[in-house]
Amino acid sequence: MAGFRLIELAKPFLPLLPEVEVPYEKIGFDDKVVYTIIAALIYLFGQFPLAGVSKEASGVLDPLYFLRSVFAAEPKTLLEFGVFPVVSSALIMQVLAGLKLIKVNFKIRQDRELFQTCTKLFALLQYLVLANVFIFSGYYGTDLSVVQITALNVQLVVAGFFVTLLVEVIDKGYGFASGAMAITTVTISTNFVADVFGVGQFPVDNEGHTEPQGAFINLIQSLRASHKTWTGAIVGAFNRDYLPNLTTAFLVLALAASICFLTNFRLELPIRSTRTRGVNNVYPIRLFYVGSLSVLFAYVILFYIHVGAFVLVQLIAHNNPSSIIYKVVGGYASHNNLLYVPQFPLSLLTPPKSFVECITRQPLTPLFFTTFLVITGIWFAGLWQQISGSSARDISEQFKEQGITLTGRREQGVTKELDKIVPVAATTGAIVLGLLVACGELLGLKGKGASIIVGVSGGFALLELITAEYQQSGGQSALAQVLGAPSGGI
Amino acid sequence: MSTPTPPGGQRTLQKRRQAQSVKEKQQKQTPASTRQAGFGGSSNSVLKLYTDEANGLRVDPLVVLFLAVGFIFSVVALHVVAKVTGKLF
Numbered sequence: 001m002a003g004f005r006l007i008e009l010a011k012p013f014l015p016l017l018p019e020v021e022v023p024y025e026k027i028g029f030d031d032k033v034v035y036t037i038i039a040a041l042i043y044l045f046g047q048f049p050l051a052g053v054s055k056e057a058s059g060v061l062d063p064l065y066f067l068r069s070v071f072a073a074e075p076k077t078l079l080e081f082g083v084f085p086v087v088s089s090a091l092i093m094q095v096l097a098g099l100k101l102i103k104v105n106f107k108i109r110q111d112r113e114l115f116q117t118c119t120k121l122f123a124l125l126q127y128l129v130l131a132n133v134f135i136f137s138g139y140y141g142t143d144l145s146v147v148q149i150t151a152l153n154v155q156l157v158v159a160g161f162f163v164t165l166l167v168e169v170i171d172k173g174y175g176f177a178s179g180a181m182a183i184t185t186v187t188i189s190t191n192f193v194a195d196v197f198g199v200g201q202f203p204v205d206n207e208g209h210t211e212p213q214g215a216f217i218n219l220i221q222s223l224r225a226s227h228k229t230w231t232g233a234i235v236g237a238f239n240r241d242y243l244p245n246l247t248t249a250f251l252v253l254a255l256a257a258s259i260c261f262l263t264n265f266r267l268e269l270p271i272r273s274t275r276t277r278g279v280n281n282v283y284p285i286r287l288f289y290v291g292s293l294s295v296l297f298a299y300v301i302l303f304y305i306h307v308g309a310f311v312l313v314q315l316i317a318h319n320n321p322s323s324i325i326y327k328v329v330g331g332y333a334s335h336n337n338l339l340y341v342p343q344f345p346l347s348l349l350t351p352p353k354s355f356v357e358c359i360t361r362q363p364l365t366p367l368f369f370t371t372f373l374v375i376t377g378i379w380f381a382g383l384w385q386q387i388s389g390s391s392a393r394d395i396s397e398q399f400k401e402q403g404i405t406l407t408g409r410r411e412q413g414v415t416k417e418l419d420k421i422v423p424v425a426a427t428t429g430a431i432v433l434g435l436l437v438a439c440g441e442l443l444g445l446k447g448k449g450a451s452i453i454v455g456v457s458g459g460f461a462l463l464e465l466i467t468a469e470y471q472q473s474g475g476q477s478a479l480a481q482v483l484g485a486p487s488g489g490i
Numbered sequence: 001m002s003t004p005t006p007p008g009g010q011r012t013l014q015k016r017r018q019a020q021s022v023k024e025k026q027q028k029q030t031p032a033s034t035r036q037a038g039f040g041g042s043s044n045s046v047l048k049l050y051t052d053e054a055n056g057l058r059v060d061p062l063v064v065l066f067l068a069v070g071f072i073f074s075v076v077a078l079h080v081v082a083k084v085t086g087k088l089f
């Protein structure tokens, strides 16, 4: 056999999997806005509790709490796994294809189709596997009936299927740029607002007192509450660890601000036209060349490690401290009856719950976790800038087509010059992002730090494309006229 | 100073052969991603997954959106039914 190819596996499924049609004509700016917002809204509606979860609290708690917000996942809802299977399958398949471990010839149309179908199948398969891992671990309750298991399976997998399709609707050109990134950005920002200004009340003690979800609302409510002193209220607002507090809100804001600041760092290469004399411009190469993707990739790997550990410890060893697996991998300790906190050695790859705990109980975690983030980031950024079609060679080819060259270089020398800059920018950006994520997470943000970084830098990547689009076709936009924005393209 | 080598001869042939082989090598090198091949897809900082039209079951985007809403409502209905009858699960 001349060689078996993995993507051939998708062939039998090709006619079965639904495909969103590619738009016949170009979708207008307003329509894109509407499609993107509606798709994201439907995704947000998916944060609906699962039916069929048993009422009694089971001993198995959420082991992935610190990874969820990055992938816009909500525990015990239809979006139990969020966009993780979609993002991970895309990243992993693309990396494998880039390393030539999967043989795909992207020049052939049929290969591209098969590759895409394969990616989609892999995503659906992950939804199915993850759903069953969680069901049989007892996460939704022990002793589930067959009806419950089927119902949970159907809900989780069909929800995953619709998430894939929603992402596809945006990706196919009905919405802006990337579905997965638009959806995560919207969810992350929604969650942040809910964490600061959310008014939903939660019972906090046995006397029937409730506290709101939002940290800021909580401060005001506590100041007015009769059962608390002023100092107690303020300290509580900054300190509570069962619901979002003001300290995390400020830390997240600080991280978001620093990302906003760092996104603007770029190297501006002077370019000139080879056809006309005296036409000069600059070509920016930004520090975050691969954007948030390096962080996303590191979190995909983390997710796999933790799900693998969950399978070993919970499914096989039943979180029993005397089993060998528990001793080798590390088990889970429950916290507040809400979270499953991994123990040593698994805790090395788990961000601590608070900074104090990090110093006193997990002194090795900062070192290990940071190194992990930085190294995966470097590796991924180095590879991704090469394979994603924006490498030095690809850029210089674009230059040649458009009749541009770097000032002071011949056309042949452009690749060499860019090769000195692009990989360095990509890896340095990945290191900076990795360090920032580590900083946030080690201070005890429980995934909120990583998610705000992914959200803000992903948002900037999208914003860039959206503004470019607006300048091209925003002139006819009724939305822009209603909002009184200056018409683009002037 | 030695005289420059006259044009033509063995060397030119060799150079031509070399250029030819380099060209062939570049053509053989397959691109690593859809964007590198020039057909859209994920770029350096944006993850764009499903951009090619495959010969599958074609569906309209509006149908997808409506079905997704319908699915969520069916889960709502499942909750209601389970609550009312009290014995579904």
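Listed in order, the protein sequences are those of chains V and A. Residue 184 in UniProt numbering is what sits at position 184 of the first sequence, and the numbering runs on without skipping anything. Residue 78 in UniProt numbering is what sits at position 78 of the second sequence, and the numbering runs on without skipping anything. C-beta atoms are modelled at their ideal positions from N, C-alpha and C, and glycine is treated no differently. Note that the structure is a prediction, hence the values are computed from the model and not measured.
Next on the checklist: Counting only Cβ pairs nearer than 9 Å, list the residues of chain A close to ASN105(V).
Outcome noted: Numbered from 1 along the first sequence, position 105 holds the residue referred to as residue 105(V). Per Cβ cutoff of 9 Å: THR30, PRO31 and ALA37.
Next on the checklist: I'd like the list of long-range same chain contacts for LEU269(V), defined as Cβ closer than 7 Å, with 5 residues on each side in sequence excluded.
Outcome noted: Sequence index remark: in the first sequence, residue 269(V) carries index 269 (1-based). Once the five neighbours on either side are set aside, the close Cβ partners of LEU269(V) are VAL282, TYR283, ILE285 and LEU406.
Item to check | Cβ shell of GLU417(V) (< 7 Å), same chain only, five flanking positions each side left out | outcome: In the first sequence, residue 417(V) corresponds to position 417, counting from 1. Excluding positions up to five away in sequence, the list reads LEU406 and ARG409.
Item to check | Proximity to PHE197(V) [Cα-Cα], best of ALA73(V), LEU165(V) and LEU246(V) | outcome: For the purposes of this step, residue 197(V) is taken as the residue at position 197 of the first sequence. Out of ALA73(V), LEU165(V) and LEU246(V), LEU246(V) has the C-alpha closest to the C-alpha of PHE197(V).
Checklist entry - Shortest alpha-carbon distance to GLY377(V) belongs to which of LEU101(V), ILE452(V) and THR428(V)? => result By 1-based counting over the first sequence, the position of residue 377(V) is 377. Looking at the Cα atoms, THR428(V) is the closest of the given residues.
Next on the checklist: Using only the alpha-carbon positions, how far apart do SER396(V) and GLY403(V) sit?
Outcome noted: Position 396 of the first sequence, counted from the first residue, corresponds to residue 396(V). Position 403 of the first sequence, counted from the first residue, corresponds to residue 403(V). Computed Cα separation, rounded: 10 Å.
Next on the checklist: Within the continuous alpha helix (DSSP H) that includes VAL307(V), where are the two ends?
Outcome noted: Position 307 of the first sequence, counted from the start, is the residue given in the question as residue 307(V). From DSSP, the alpha helix (DSSP H) with VAL307(V) extends over 293-310.
Checklist entry - Which residues in chain V sit within 7 Å of LYS48(A), going by Cβ to Cβ distance? => result By 1-based counting over the second sequence, the position of residue 48(A) is 48. Those are ASP171, ALA177 and SER178, listed as they occur along chain V.
Next on the checklist: Please report the distance separating the alpha-carbon of ALA10(V) from that of PHE39(A).
Outcome noted: Along the first sequence, read from residue 1 onward, the residue named residue 10(V) stands at position 10. Along the second sequence, read from residue 1 onward, the residue named residue 39(A) stands at position 39. Spanning the two alpha carbons is a distance of roughly 21 Å.
Item to check | 8 Å Cβ cutoff, THR119(V) in contact with chain A | outcome: For the purposes of this step, residue 119(V) is identified with residue 119 of the first sequence, where counting begins at 1. True, the Cβ-Cβ gap to chain A drops below 8 Å.
Item to check | Bridge-paired residues (DSSP) for PRO49(V) | outcome: As a working mapping, residue 49(V) is identified with position 49 in the first sequence. DSSP, once it has assigned bridges, lists THR77(V) as partnering PRO49(V).
Next on the checklist: 8 Å is my cut-off, CB to CB: does VAL84(A) come that close to chain V?
Outcome noted: Taking the first residue of the second sequence as position 1, residue 84(A) is located at position 84. No, no contact with chain V.
Checklist entry - For THR164(V), which residues of its own chain have a beta-carbon under 7 Å away from its beta-carbon, when the five flanking residues on both sides are left out? => result Translated into positions along the first sequence, residue 164(V) becomes position 164. Same-chain partners within the cutoff: VAL86, LYS120, ALA123 and LEU124.
Item to check | Three-state class that DSSP yields for THR229(V) in the structure shown | outcome: The residue given as residue 229(V) occupies position 229 in the first sequence. THR229(V): coil per DSSP, three-state reduction.
Item to check | Close beta carbons around VAL374(V), own chain, < 7 Å, minus the five adjacent residues each side | outcome: Translated into the one-based positions of the first sequence, residue 374(V) becomes position 374. Once the five neighbours on either side are set aside, the close Cβ partners of VAL374(V) are ILE431, GLY434 and LEU435.
Checklist entry - In the structure shown, what three-state DSSP assignment does THR36(V) receive? => result By one-based count along the first sequence, residue 36(V) stands at place 36. Residue state, collapsed to three classes: helix.
Next on the checklist: So, under 8 Å CB-CB, VAL169(V) and VAL22(V) are touching, yes? Tell me the CB distance rounded to an integer number of Å.
Outcome noted: What you label residue 169(V) is simply residue 169 of the first sequence in a count that begins at 1. What you label residue 22(V) is simply residue 22 of the first sequence in a count that begins at 1. Taking C-beta atoms under 8 Å as the contact rule, VAL169(V) and VAL22(V) fail to qualify, at a distance of about 11 Å.
Item to check | Interface positions of the stretch 51-70 of chain A facing chain V (Cβ-Cβ less than 8 Å), listed along the chain | outcome: THR51, ASP52, GLU53, ALA54, ASN55, GLY56, LEU57, ARG58, VAL59, ASP60, PRO61, VAL64, LEU65, LEU67, ALA68 and VAL69
Item to check | Interface positions of the stretch 73-107 of chain V facing chain A (Cβ-Cβ less than 8 Å), listed along the chain | outcome: LEU78, VAL86, VAL87, ALA90, LEU91, GLN94, ALA97, GLY98, LYS100, VAL104, ASN105, PHE106 and LYS107
Item to check | Cβ neighbours of GLY214(V) in the same chain (closer than 6 Å, five flanking residues each side left out) | outcome: For this step, residue 214(V) is matched to residue 214 along the first sequence. Excluding positions up to five away in sequence, the list reads VAL196, PHE197 and GLY198.
Next on the checklist: For a contact defined as C-beta to C-beta under 9 Å, what are the partners of LEU13(A) on chain V?
Outcome noted: Position 13 of the second sequence holds residue 13(A). Here the premise fails: no neighbours, minimum Cβ distance about 23 Å.
Item to check | For ILE325(V) and ALA333(V), believed in contact at Cβ under 8 Å, the rounded distance | outcome: Position 333 of the first sequence, counted from the first residue, corresponds to residue 333(V). Position 325 of the first sequence, counted from the first residue, corresponds to residue 325(V). Wrong, their Cβ atoms sit about 16 Å apart, outside the cutoff.
Checklist entry - Using the C-alpha atoms, what's the distance from ILE220(V) back to PHE261(V)? => result Working through the first sequence from its first residue, we reach residue 261(V) at position 261. Working through the first sequence from its first residue, we reach residue 220(V) at position 220. C-alpha separation (whole angstroms): 31 Å.
Next on the checklist: Three or more C-beta pairs under 8 Å: does that hold for the stretch 171-178 of chain V against the stretch 440-451 of chain V?
Outcome noted: no
Checklist entry - By DSSP, does GLN343(V) sit in helix, in strand, or in coil? => result Here the question's residue 343(V) lines up with position 343 in the first sequence. Annotated three-state conformation of GLN343(V) is coil, per DSSP.
Next on the checklist: Using only the alpha-carbon positions, how far apart do THR350(V) and PHE369(V) sit?
Outcome noted: Taking the first sequence and counting its residues from 1, the one referred to as residue 350(V) is at position 350. Taking the first sequence and counting its residues from 1, the one referred to as residue 369(V) is at position 369. The straight-line gap from Cα to Cα measures roughly 7 Å.
Next on the checklist: For a contact defined as C-beta to C-beta under 7 Å, what are the partners of GLY389(V) on chain A?
Outcome noted: Here residue 389(V) corresponds to residue number 389 of the first sequence, with the count starting at 1. By Cβ distance, chain A contributes SER33, ARG35, GLN36 and SER43.
Checklist entry - Taking TYR139(V) as the reference, which of GLU469(V), ASN319(V), TYR289(V) and GLN47(V) has the closest Cα? => result Numbered from its first residue, the first sequence carries residue 139(V) at position 139. Closest option to TYR139(V), Cα to Cα, is ASN319(V).
Checklist entry - Using 8 Å as the limit for Cβ to Cβ distance, is TRP384(V) near chain A? => result Taking the first residue of the first sequence as position 1, residue 384(V) is located at position 384. Chain A contact via Cβ: present.
Item to check | Alpha-carbon to alpha-carbon, THR184(V) and VAL76(A) | outcome: Position 76 of the second sequence, counted from the start, is the residue given in the question as residue 76(A). Position 184 of the first sequence, counted from the start, is the residue given in the question as residue 184(V). Annotation: VAL76(A) to THR184(V) spans about 24 Å, alpha carbon to alpha carbon.
Next on the checklist: If contacts are defined as beta-carbon pairs under 8 Å, then SER42(A) and GLN94(V) qualify, I think. What distance do you get, rounded to the angstrom?
Outcome noted: Position 42 of the second sequence, counted from the first residue, corresponds to residue 42(A). Position 94 of the first sequence, counted from the first residue, corresponds to residue 94(V). Right, the Cβ-Cβ distance comes to about 6 Å (below 8 Å), so this counts as a contact.
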